[in-house]
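Here the sequence shown stands for residues 118 to 415, where the numbers follow the working numbering. Just so it is clear, CB atoms sit at the ideal spot from N, CA and C, and this is done for glycine as well.
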Amino acid sequence: MSFPQNPILVTGATGKQGGATAHRLLAGGAVVRALVRDESTAAAQALAAAGAELVIGDFDRPDTLAAALTGVQAVFLVPPAAYEAGGWDVELEAGRGALLVDLARAAGVDQLVFTGIASMSDDDNWGTGGKRRIEQAVLTSGLRYTILRPVRFMENYLLQGFPVDGIHNGVHRHLFPADRPLQMIAVADVAEFAVLAFADPDRFHGLILEIAGAAIQPTEAAALISAHIGRPVRYQELTEAEAEAIGPEIADVWRRSRHTGGWHADIHALRAVHPGLMSLESWLAATGSAQLKAVLSS
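Put into structure tokens, the structure is as follows:
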């Protein structure tokens, strides 16, 4: 792969998608500038050790973003989520993303790769509203762009302390129908699609990619995880009332996943672009099983 000689700015560089993308770019020989809020964290120091240039920046401090964009050729854009007890702050999330797009254009950036969220329908619920508005800013920016829409992350099986997802006492509780295929993707594959776009911006310009690597029934996924980690895991499908008790946006996803058919990435076509696209089983074999064992043992 060949990358721009000028830096690629990776936002959210100490998070899941930004971190995976930054490390994959560095491994491929790209010049990476990593936007971090605290350069002393272990994640930031790991990026620096891998060869990234760390730059302090905050989406709520425009002056820091403008400085970080100086001399940059391309940007991986993943604004921080704006979700609190009251729900999604669509205005804050959309404003953060649109601001960076404007600043990137003013700085002479050539390319944007934005990662948002996959669609189940055209509605703007469950966190899609702010991301769709950022997409619109990207579409009208005049820059070369690629938009990634990942589905649920395989790494969500590692989550702890949430009312849904993760594995607790051998149970994986979630909103999705137990007997229908559920699409999911490894974070490393989100990074891989971003890297492909940076390496060939003309080929990927204008693409909006719904991305997934597997489609497997939650009950089958639980059985597969059980076999890999050597301990029983079962799937528990929440009722609509249980979803409502958690919150209206959770309940909306419960209903949407049943009424729309769920996410709809074309996995076969995606694998033609990225042959190494991981299934749940290959993710478990590569890193997922070891991570799950560590989390569940602690």
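query	result
Would you kindly check if the distance between the Cβ of ALA331 and the Cβ of LEU229 is under 8 Å?	no
Buried or exposed: where does VAL288 fall if 16 or more other Cβ atoms within 10 Å of its Cβ makes it buried?	exposed
Which residues does DSSP list as the beta-bridge partners of VAL331?	Note that residue 331 is Ala in the sequence shown, not Val. For ALA331, which the question treats as bridged, DSSP gives the partners MET301.
State yes or no: is the C-beta of ALA316 within less than 8 Å of the C-beta of PHE120?	yes
Does DSSP put THR232 in a helix, a strand or coil?	strand
Would DSSP call PRO349 helix, strand or coil?	coil
Only counting the same chain, and skipping five residues up and downstream in sequence, which positions put a Cβ closer than 6 Å to that of LEU401?	HIS345
Identify whether GLU156 lies in helix, strand or coil by the three-state DSSP scheme.	coil
How far does the alpha helix (DSSP H) with THR138 in it extend, from its first residue to its last?	133 to 144
Tell me the rounded alpha-carbon separation between ARG178 and THR356.	42 Å
Assuming the contact rule is C-beta atoms closer than 8 Å, PRO335 and LEU299 should be a hit. Round their C-beta distance to whole Å, please.	5 Å
Can you tell me whether GLU208 is buried or exposed? The criterion is at least 16 other CB atoms within 10 Å of its CB, across all chains shown.	exposed
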